[in-house]
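According to the working numbering, the sequence shown holds residues 892 to 1114 in order.
The C-beta atom is built at its ideal place from N, Cα and C for all residues, glycine as well.
See structure below.
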Amino acid sequence: MRLRRALLTAFAVAALADLVCLAAGLDAGHLVAKPLLMPLLAAHAALRGVSRLLVAALLCGWGGDVLLLSGAEPAFLAGMASFAAGHVCYLLLFRAYGRRRARHRALLAGYGVVLAATLAALWPGLPADLRVPVAGYSLLLTAMAYRAGTRFGRTAGVGGALFVLSDTLIATGVADWPQPPRPDLWIMLTYLAAQVLLVRGTLEAFGTHPVTAPPRGEVRPVP
């Protein structure tokens, strides 16, 4: 229990430090803080005893975080591939342990419209060699966000939606759209919120709260 809390506190401190560094333009601090975030959150999730797929998804996010610290296009593509692997882990998690619910046709249609409109708007500004990878990644990301809400509930669903928003902000920068002040701050803020809510939504779906967490290594599927 104490170790879990310590890891969560360390994650919160690292997240706050990273956001402050981004707001203040302290690149060196961001380079130090960002790589610490997902390993700390993944370690906390691992000690909660839920599926290893959640831990794998977070560690794939860590790989993407580190790779995107470089501005080189090969690193960007590798980072996108790492995040894509994380979305696959999330999809497998939702499929294996999510509760079958009634079809959410309105949500599906909404995500479909958002995906199509976003790609149509960004397409002309994207570098030619990134258009197909970005389109494929966007489809996978949207599927993850949709499944998060329809299989694991509202908390995970909001996390999935924020993940879409965060990556859309990245894509607007790649497409050379006008950016708000400190765009990396908003990208990281929405990304961190997304991952935290996906973890929290998973814990809620598994029914593992701080006072009732199952023994380490035990996987408790949703009834």
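Annotated three-state conformation of residue 917 is coil, per DSSP. In the structure shown, residue 939 adopts coil according to DSSP, grouped into three states. Nearest Cα to residue 967 within the set 1093, 1094 and 1065: 1065. Just so you know, the alpha carbons of residue 959 and residue 970 end up roughly 6 Å apart.
For residue 898, same chain residues with a beta-carbon under 6 Å away, outside a window of 5 residues either side, are 931, 934 and 935 in chain order.
Residue 895 and residue 904 have their C-alpha atoms some 14 Å from each other. In the structure shown, residue 1070 adopts coil according to DSSP, grouped into three states. With fewer than 16 neighbouring CB atoms inside 10 Å of its own CB, residue 900 falls in the exposed class.
Residue 892 carries a coil assignment under DSSP once its states are collapsed to helix, strand and coil. When DSSP assignments are scanned along the region 948-1029, the uninterrupted stretches of alpha helix (DSSP H) that are 4 or more residues long and fall wholly within it turn out to be 964-988 and 996-1013. Here residue 1044 carries a coil assignment [DSSP, helix/strand/coil]. Between the region 1077-1085 and the region 1020-1032, the count of C-beta pairs closer than 8 Å stays below three; the two stretches do not touch. Non-local C-beta neighbours of residue 1091 in its own chain, meaning closer than 7 Å and more than five positions away in sequence, comprise 1046, ordered along the chain. By the C-beta density criterion, residue 1039 is buried, having at least 16 other C-beta atoms within 10 angstroms. Rounded to the nearest angstrom, the Cβ distance from residue 1062 to residue 1052 is 16 Å, too far for a contact under 8 Å. The beta carbon of residue 913 sits closer than 8 Å to the beta carbons of 921, 1073, 1075, 1076 and 1079 from its chain, once the five residues preceding and following it are set aside; these are given in chain order. When 996, 892, 908 and 999 are compared, the shortest CA-CA separation from residue 925 is found for 908. From the listed residues 938, 972 and 906, the smallest Cα separation to residue 893 is found for 938. If you ignore the 5 residues before and after residue 989, its C-beta comes within less than 6 Å of the C-beta of 1042 and 1043, all in its own chain and listed in chain order. Minimum Cα-Cα distance from residue 973 among the listed residues 986, 963, 949 and 942 corresponds to 949. For residue 1059, same chain residues with a beta-carbon under 7 Å away, outside a window of 5 residues either side, are 1009 in chain order.
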